[in-house]
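Before any comments, here is the structure.
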Amino acid sequence: MVWTDVRTLMIVVLGTLFVILVAVRTIRNVRWVRFGEAFGKQGEALLEDYAYLTEKGIECRVEQGLPTGRLFRPLAKNLDDRVALFVHRKDEAAARKLLK
Numbered sequence: 010m011v012w013t014d015v016r017t018l019m020i021v022v023l024g025t026l027f028v029i030l031v032a033v034r035t036i037r038n039v040r041w042v043r044f045g046e047a048f049g050k051q052g053e054a055l056l057e058d059y060a061y062l063t064e065k066g067i068e069c070r071v072e073q074g075l076p077t078g079r080l081f082r083p084l085a086k087n088l089d090d091r092v093a094l095f096v097h098r099k100d101e102a103a104a105r106k107l108l109k
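The sequence shown begins at 10 in the working numbering and counts up by one.
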């Protein structure tokens, strides 16, 4: 009887933790707009855009490689040269104007 209660409690705790983690990640990602994604040499142009935009005061970030967990990293070795440029939603219009 006690064992069942402990398992139920663990399931509830893990389920709640999962929902919280998904909500936090979703809220964080909604704030950003993807401006580009490239591989290899083409990714260097995105890094130049990132440097230019940050110099102009635009809030942006760069992701390099795949945003995967360590478990899937060995499966994605050929995608490690990925570069993605994200701009904060509040600066989207100004960034588009600057990059034209």
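Cβ atoms here follow ideal geometry from the backbone N, Cα and C, with glycine treated the same way.
Please read these numbers as outputs of a predicted model, since none were measured by experiment.
In the three-state reduction of the DSSP assignment, GLU68 falls in the coil class, being assigned neither a helical nor a strand state. Taking all protein chains shown into account, GLY49 has fewer than 16 neighbouring C-beta atoms within 10 Å of its C-beta and is therefore exposed.
By the CB criterion at 9 Å, GLN73 and ARG98 fall outside the cutoff. For GLY52, the secondary structure class from DSSP, reduced to helix, strand or coil, is helix. Here ASP14 is exposed. Its C-beta has fewer than 16 other C-beta atoms within 10 Å. ARG43 carries a strand assignment under DSSP once its states are collapsed to helix, strand and coil. Contact annotation: ALA93 and ARG43 have beta-carbon atoms nearer than 9 Å.
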